[in-house]
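First comes the structure, then the notes that go with it.
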Amino acid sequence: MPPRRLKLVLILTILAASSLALLAWTQVWVHAEVGLPDAGTQVLEIDGAVAAPALTALALSGFALAGALTIAGRLIRIVLGALEVLLGLSVFIAAFLAVDDPSQASAAAVTAATGIAGHESIELSVLGTIVTPWPFVAMGAAVVMAAAGVAVILTSARWPGPARKYQAVRFETVASPDGSVPASPLSGDAATESAPSDSVGDWDDLSRGDDPTAR
1 MPPRRLKLVL
11 ILTILAASSL
21 ALLAWTQVWV
31 HAEVGLPDAG
41 TQVLEIDGAV
51 AAPALTALAL
61 SGFALAGALT
71 IAGRLIRIVL
81 GALEVLLGLS
91 VFIAAFLAVD
101 DPSQASAAAV
111 TAATGIAGHE
121 SIELSVLGTI
131 VTPWPFVAMG
141 AAVVMAAAGV
151 AVILTSARWP
161 GPARKYQAVR
171 FETVASPDGS
181 VPASPLSGDA
191 ATESAPSDSV
201 GDWDDLSRGD
211 DPTAR
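So in the UniProt record's numbering, spot 59 of the sequence shown is number 59, and the numbers just go up one at a time.
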């Protein structure tokens with residue numbers, strides 16, 4: 001694959017995986033049946049914002065990282081690739097914890113609905129949970145994010161460098177049509193007269209009793 005297309009594909013992959021993780025965060029992750037204090041039950045829908053609150057910041061960081069990759073140099077690309085791997089691992093862990101312990105992932109919503117707090121009390125009040133596919137979608141997006149980060153590290157040397165918007169300007173003396181070089185506007189006595197005075201030397205002259213302004 002040409003280097004420019006490879007760069008574009010990897011950046012778009014990071015953006016797509018981050019978008020998918022952010023989409024999963026907005027969906028329902030867990031259906032939790034909770035026993036209420038008055039002996040009734042209620043089914044709570046726990047979305048990703050409750051089950052994995054850190055997921056939104058991680059996904060948005062993926063967007064920012066993809067933008068930085070568009071202008072980064074080779075060394076910075078390697079650093080950003082490593083950060084993308086860490087972001088993918090973090091998203092995976094956040095989603096895995098919600099799947100591994102859905103009761104605890106529902107704790108904030110259970111407390112808001114029943115007033116029950118504490119790990120053991122919440123475990124007793126949650127009568128059953130059903131995990132939806134969305135946390136697994138987030139885990140899949142996390143794997144793609146981490147894989148894209150590894151690909152950035154391995155292929156960063158092939159990427160085209162950032163475009164130079166500004167070029168250095170060098171001034172050169174231009175000869176006249178007759179071949180002579182024009183004299184500087186400040187030359188000879190004029191240049192000498194316009195040269196700035198030496199303040200330290202002026203103070204030395206004053207110390208010896210001489211008037212530096214008389215020169």
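Note that beta-carbon positions come from the ideal geometry of N, C-alpha and C, so glycine has one too.
Alpha carbon of residue i to alpha carbon of residue j, nearest angstrom
i           : j      : result
Gln167      : Arg74  : Confidence in Gln167 is poor, its pLDDT being 43 and thus under 50, which makes the residue's placement unreliable; the coordinate value appears in the next sentence. Cα to Cα, the separation comes out at about 20 angstroms.
Lys7        : Val85  : 17 angstroms
Leu55       : Trp134 : 12 angstroms
Gly149      : Met1   : 18 angstroms
Leu127      : Leu10  : 44 angstroms
Ile46       : Ala21  : 16 angstroms
Arg5        : Thr13  : 12 angstroms
Pro3        : Trp159 : 5 angstroms
Ala112      : Ala64  : 33 angstroms
Asp100      : Val30  : 12 angstroms
Ile78       : Ala147 : 14 angstroms
Val28       : Leu154 : 36 angstroms
Pro53       : Ile76  : 29 angstroms
Gly118      : Ala32  : 17 angstroms
residue 284 : Leu83  : Outside the displayed span of the chain (1 to 215) sits residue 284, for which this structure offers no information.
Proximity of residue i and residue j at Cβ, strictly below 8 angstroms
i           : j      : result
Ala24       : Gly62  : no
Pro17       : Ala105 : Looking at the sequence provided, one finds Ala at residue 17 rather than Pro. No, they are not a contact pair.
Ser156      : Gly81  : yes
Thr41       : Gly35  : yes
Leu44       : Ala109 : yes
Leu58       : Ser90  : yes
Ile122      : Ile130 : no
Leu69       : Val152 : yes
residue 216 : Met145 : The structure shown does not extend to residue 216, since the chain is modelled only from 1 to 215, so the question has no answer here.
Ser125      : Thr132 : no
Ala15       : Ala66  : Going by the sequence as given, residue 15 is Leu instead of Ala. Going by C-beta atoms, Leu15 is nearer than 8 angstroms to Ala66.
Extent of the continuous beta strand (DSSP E) to which residue i belongs
i      : result
Leu44  : Thr41 to Asp47
Trp29  : Val28 to Gly35
Gly128 : Val126 to Val131
Residue i: first and last residue of the uninterrupted alpha helix (DSSP H) it sits in
i      : result
Gly140 : Trp134 to Thr155
Ala24  : Pro3 to Trp25
Meets three-Cβ-pair contact criterion under 8 angstroms: the stretch 86 to 102 and the stretch 137 to 146: yes
field: Uninterrupted alpha helix (DSSP H) stretches inside the stretch 56 to 116 (no shorter than 4 residues)
entry: 74 to 100, 102 to 105 and 107 to 114
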